[in-house]
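Novice: Protein chains in written order, with this note's numbering: chain L, 18 to 306; chain W, 632 to 911.
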Amino acid sequence: MNPRLNRLFPYVLILGVLILLVGIIAIPTGLGVMISFFNYTLRPERFFTGITNYMKVFRDVLFWNALKNNFIYVFSAVSLELVTGFWIAVLLSQRFLGQKLWVSLILAPYTISSVVSVVVWKYMFNTSYGIINYFLSFFGMHSINWLSDPVFAFISAVIINVWKESPFITIILYAAITIIPRELYESAHIDGASFWDCLWNITLPTIRPAIFVALIFRTIFVFRTFDIPWILTRGGPANSTELLAILTYKYGFVYWDFGRAAAIGVIMLVITLLFSSVYIKGVQKGGSF
Amino acid sequence: MKPKNLVRKGKKLILWLLLLLVVTWSFFPILYIAVTSLKPETEMFSYPPFMPSYVSLENYTRLLGKYPRFWDSLKNSMIITLLATTITVALSIPAAYAVSRYKNRKIAIFTMFIIIIRMLPPIVISIPLFPLLNTLGLMDTHIVIILLYSAFMVSLITLVTRSFIDGIPEEIEEAARIDGCSQAQVLIKIVFPLIGPSIAATTVITAGFTWNEYLFAFLFTATKTRTTPIIISEMLQPVMAVDWGVLFAATFIQLIPILVFTLVVQKYFVEGLTLGAVKG
Chain L
18 MNPRLNRLFP YVLILGVLIL LVGIIAIPTG LGVMISFFNY TLRPERFFTG
68 ITNYMKVFRD VLFWNALKNN FIYVFSAVSL ELVTGFWIAV LLSQRFLGQK
118 LWVSLILAPY TISSVVSVVV WKYMFNTSYG IINYFLSFFG MHSINWLSDP
168 VFAFISAVII NVWKESPFIT IILYAAITII PRELYESAHI DGASFWDCLW
218 NITLPTIRPA IFVALIFRTI FVFRTFDIPW ILTRGGPANS TELLAILTYK
268 YGFVYWDFGR AAAIGVIMLV ITLLFSSVYI KGVQKGGSF
Chain W
632 MKPKNLVRKG KKLILWLLLL LVVTWSFFPI LYIAVTSLKP ETEMFSYPPF
682 MPSYVSLENY TRLLGKYPRF WDSLKNSMII TLLATTITVA LSIPAAYAVS
732 RYKNRKIAIF TMFIIIIRML PPIVISIPLF PLLNTLGLMD THIVIILLYS
782 AFMVSLITLV TRSFIDGIPE EIEEAARIDG CSQAQVLIKI VFPLIGPSIA
832 ATTVITAGFT WNEYLFAFLF TATKTRTTPI IISEMLQPVM AVDWGVLFAA
882 TFIQLIPILV FTLVVQKYFV EGLTLGAVKG
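Pasting the structure below:
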């Protein structure tokens, strides 16, 4: 092969991916940043307005509401996902008869769509004929208005999120636990260490990088949440489940104010990049995960 | 029985009970979809809300008779999933090979670029894309949604494939090169046959994403290209009361292909996810 072509070979290989990423993601993202500094509505005249869109956003109580909701949502969903995912991974690592089947069943919610998850949970959350209130009635609890009460609607969205996404953390941590050499545990047992000693002194320190990665990833991906609260309650009742992505959508596609929508988009982008930089620093420093 | 044995038996029992609890939490809702879809319409709101008194297929026959748009959407979803998955996996393999084997500054920058791209929230690109696509007359076309899905998956899939290729010893390629294979031949003849597991993993991850995706489909498809998740969400927010029976039948049909596919190649799916997160 001619040497020039030889030298160019790796760049030919990445060309398809590069064109796709630049054309469909990088350029539109750049355009989005640009639009955020323009008066950009359905009207044909578009003009540069500096930081006006951002000022409008910062003066909007809906933005602060969505930002607050978003942070509470990320914090509660990610920490519950981590706790659930971690304990399920620890439980699975005890090895059961029919292990593969149990792993499959535990993994299942992660493979289905958020729309489907919302459909079944909405049915189960129903105040008068839902199975959840039916069970709660055994414990002498009154029916809860899961989806029409602002606080419970938020909790419902978080529950669905945790149900659907925590298998991801289970998988990552389970994989990290299974590669810990069994001899470590065996010799610890001989030395008289309890289950909790092993968990605290062997399992946790070894899987800490995996926990870190899972946390960062989930934070970034939960931060952009749109589907579950949108399909469940359209961001309501009383904007209680309105997250940043939903507000961006409403500004853009309901009020047709693309400039202001883009401004929120850019704010989301900046926050996401801050989270990502933590991850990238970790990758560069450790390289082990 | 010795007390020590008893303690061990007790521990075993507790572990199994915990497993039962966890499996119920994870799998009961999915089982519930299947069971409810087989309930006769009159029992949809029966109380207590458990098993149907008899198995009925009427929800499915009504779905078949009254909801042609659901079946159209299923066709759309299949076309979009098939093409987006093919494009994503096909473009990722060469890129992953380059990232794995050619270590220089430009390739390192490219790798960092895909890692960062992967983090961008999709809603951010939707805002500028909408007026753009509108102007170009590309709204409600298969090609736009296919390219969007491919672009959003290609970075993860490249990174996952890269991790698989990293695991192949380079010596095999060296030997082939000494035997006179060109770089392209090495990739096609040596590397390609070795990455079957990687292709299985990346195919199932991409297919799962595209089959289930909501936001882009919601924004960029209309009457002609609506996907199944969109139709299901419309059935959940009707003008009149929700027809739960038909909705559960539709839901079950939507979830079963991807659930079965994932479980069949579960080993690779898990491996791919782990590599994507841990080494990405």
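Glycine included, C-beta positions come from ideal geometry on N, C-alpha and C. Bear in mind that the values here come from a model prediction, so they are computed numbers and not experimental data.
I need the DSSP call for F64(L), collapsed to helix, strand or coil.
Specialist: Looking at F64(L) - three-state DSSP - the assignment turns out to be strand.
Novice: Go ahead and pull the three-state DSSP assignment for S305(L).
Specialist: Only weak support is given to the placement of S305(L): the predicted model assigns it a pLDDT of 42, under 50, and the value that follows is read from those uncertain coordinates. Correct three-state label for S305(L): coil.
Novice: So, under 8 Å CB-CB, V785(W) and L38(L) are touching, yes? Tell me the CB distance rounded to an integer number of Å.
Specialist: Sure, about 7 Å apart at Cβ, within 8 Å.
Novice: Would you mind sorting F879(W) into buried or exposed? The rule is 16 or more other CB atoms within 10 Å of its CB.
Specialist: Looking at its Cβ environment, which holds 16 or more other Cβ atoms inside 10 Å, F879(W) is buried.
Novice: Compare the C-beta of F658(W) against all C-beta atoms of chain L and say whether one is closer than 8 Å.
Specialist: Yes - at least one Cβ of chain L is within 8 Å of the one on F658(W).
Novice: Counting only Cβ-Cβ distances shorter than 9 Å, please list the residues of the stretch 666–686 of chain W near chain L, keeping chain order.
Specialist: Of all residues in the stretch 666–686 of chain W, T667, M675, F676, S677, Y678, P679, P680 and F681 have a Cβ within less than 9 Å of some Cβ in chain L.
Novice: Where does F152(L) sit, in a helix, a strand or coil, going by DSSP?
Specialist: Looking at F152(L) - three-state DSSP - the assignment turns out to be helix.
Novice: Spatial neighbours of T841(W) within its chain, please: CB distance less than 7 Å, with the 5 preceding and 5 following residues excluded, ordered by chain position.
Specialist: Counting only Cβ-Cβ distances below 7 Å, and skipping sequence neighbours, we find I711, T712, A715, T716 and Y780.
Novice: Is DSSP giving N218(L) helix, strand or coil here?
Specialist: Three-state result, N218(L): helix.
Novice: Quick check: the stretch 261–274 of chain L against the stretch 28–36 of chain L, are at least 3 beta-carbon pairs closer than 8 Å?
Specialist: With a cut-off of 8 Å, the stretch 261–274 of chain L and the stretch 28–36 of chain L do not count as touching, because too few Cβ pairs lie within range.
Novice: Between T236(L) and V686(W), what straight-line distance do the alpha-carbon atoms span, to the nearest angstrom?
Specialist: If you take the alpha carbons of T236(L) and V686(W), they lie about 43 Å apart.
Novice: Report back the beta-carbon spacing between S657(W) and L118(L) to the nearest angstrom; my notes put them in contact at under 8 Å.
Specialist: In fact, because the Cβ distance is near 12 Å, the residues do not count as touching under 8 Å.
Novice: Which of the three DSSP states is assigned to F744(W) in this structure?
Specialist: Here F744(W) sits in helix by DSSP.
Novice: Hey, how far is the Cα of S173(L) from the Cα of W247(L)?
Specialist: So the two alpha carbons sit approximately 12 Å from each other.
Novice: Taking the C-alpha atoms as reference points, what is the distance between S794(W) and T101(L)?
Specialist: Cα to Cα, S794(W) sits roughly 28 Å from T101(L).
Novice: Taking C-alpha atoms, which residue in L644(W), T667(W), L651(W) and D703(W) lies nearest to I861(W)?
Specialist: Answer by Cα proximity: D703(W).
Novice: With H, G and I counted as helix, E and B as strand and the rest as coil, what does DSSP make of G911(W)?
Specialist: Any answer about G911(W) is weak, because its pLDDT of 47 lies below 50 and its placement is not dependable; what the coordinates show is given next. Here G911(W) sits in coil by DSSP.
Novice: Please list, in chain order, the chain W residues whose beta carbon lies closer than 8 Å to that of S165(L).
Specialist: Here the premise fails: no neighbours, minimum Cβ distance about 15 Å.
Novice: Assuming P752(W) contacts T289(L) (C-beta within less than 8 Å), just tell me the rounded distance between them.
Specialist: Yes, P752(W) and T289(L) are in contact; Cβ-Cβ is about 6 Å, under 8 Å.
Novice: When you compare only the Cα positions, how much space is there between T315(L) and Y845(W)?
Specialist: Only positions 18 to 306 of chain L appear in the structure, and residue 315(L) is not among them; the question remains open.
Novice: Of the residues that make up the stretch 754–772 of chain W, which ones have a beta carbon closer than 8 Å to any beta carbon in chain L?
Specialist: Correct list: I754, V755, I756, S757, I758, P759, L760, F761, P762 and L763.
Novice: I want to verify the contact list: residues of chain W whose CB lies under 9 Å from the CB of P20(L), in sequence order.
Specialist: Per Cβ cutoff of 9 Å: no residues; P20(L) is ~11 Å from chain W at best.
Novice: Using only the alpha-carbon positions, how far apart do A665(W) and A881(W) sit?
Specialist: Straight-line Cα distance between these residues: approximately 10 Å.
Novice: Just the C-alpha distance for Y678(W) and F155(L), rounded to the nearest angstrom, thanks.
Specialist: Those two C-alpha atoms are separated by around 14 Å.
Novice: Do I796(W) and A807(W) come within 8 Å of each other at the CB atom, strictly closer than that value?
Specialist: Going by C-beta atoms, A807(W) is not nearer than 8 Å to I796(W).
Novice: Give the interface partners of G839(W) over in chain L, defined as CB-CB distance under 8 Å, in chain order.
Specialist: By Cβ distance, chain L contributes T128.
Novice: In this structure, does DSSP put F54(L) in helix, strand or coil?
Specialist: Reduced to three states, the DSSP call for F54(L) is coil.
Novice: Give me the Cα-Cα distance between G304(L) and R241(L), rounded to the nearest whole angstrom.
Specialist: In this prediction, G304(L) scores a pLDDT of 49, lower than 50, which makes its location untrustworthy; the coordinate-derived value is nonetheless stated afterwards. Whole-angstrom Cα-Cα distance: 26 Å.
Novice: Can you give me the C-alpha to C-alpha distance between I740(W) and S160(L), rounded to a whole angstrom?
Specialist: Their Cα atoms are separated by approximately 56 Å.
Novice: Please list the partners that L713(W) has in chain L, where partner means a Cβ-to-Cβ separation under 7 Å.
Specialist: Near L713(W) there are no residues of chain L at all, since even the closest Cβ is about 17 Å away, more than 7 Å.
Novice: State the start and end residues of the unbroken alpha helix (DSSP H) segment that holds D244(L).
Specialist: Start and end: D244 to T250.
Novice: What residues of chain W sit near G253(L), judged by a beta carbon separation below 7 Å?
Specialist: The premise fails here: G253(L) is roughly 12 Å from chain W at the closest Cβ pair, so nothing lies under 7 Å.
Novice: Considering only residues of the same chain and omitting the five flanking positions on each side of T858(W), which have a CB-CB separation below 6 Å?
Specialist: Excluding sequence neighbours, T858(W) sits near S704, N707, S708 and A848.
Novice: Along the chain, where does the alpha helix (DSSP H) that runs through F676(W) open and close?
Specialist: Run containing F676(W): none; DSSP gives neither H nor E here.
Novice: Would you call L22(L) buried or exposed, if buried means 16 or more other Cβ atoms sit within 10 Å of its Cβ?
Specialist: Flag for L22(L) reads exposed.
Novice: Please identify the residue among A205(L), G253(L) and A192(L) whose C-alpha is closest to the C-alpha of V120(L).
Specialist: The residue with the shortest Cα to Cα distance from V120(L) is A192(L).
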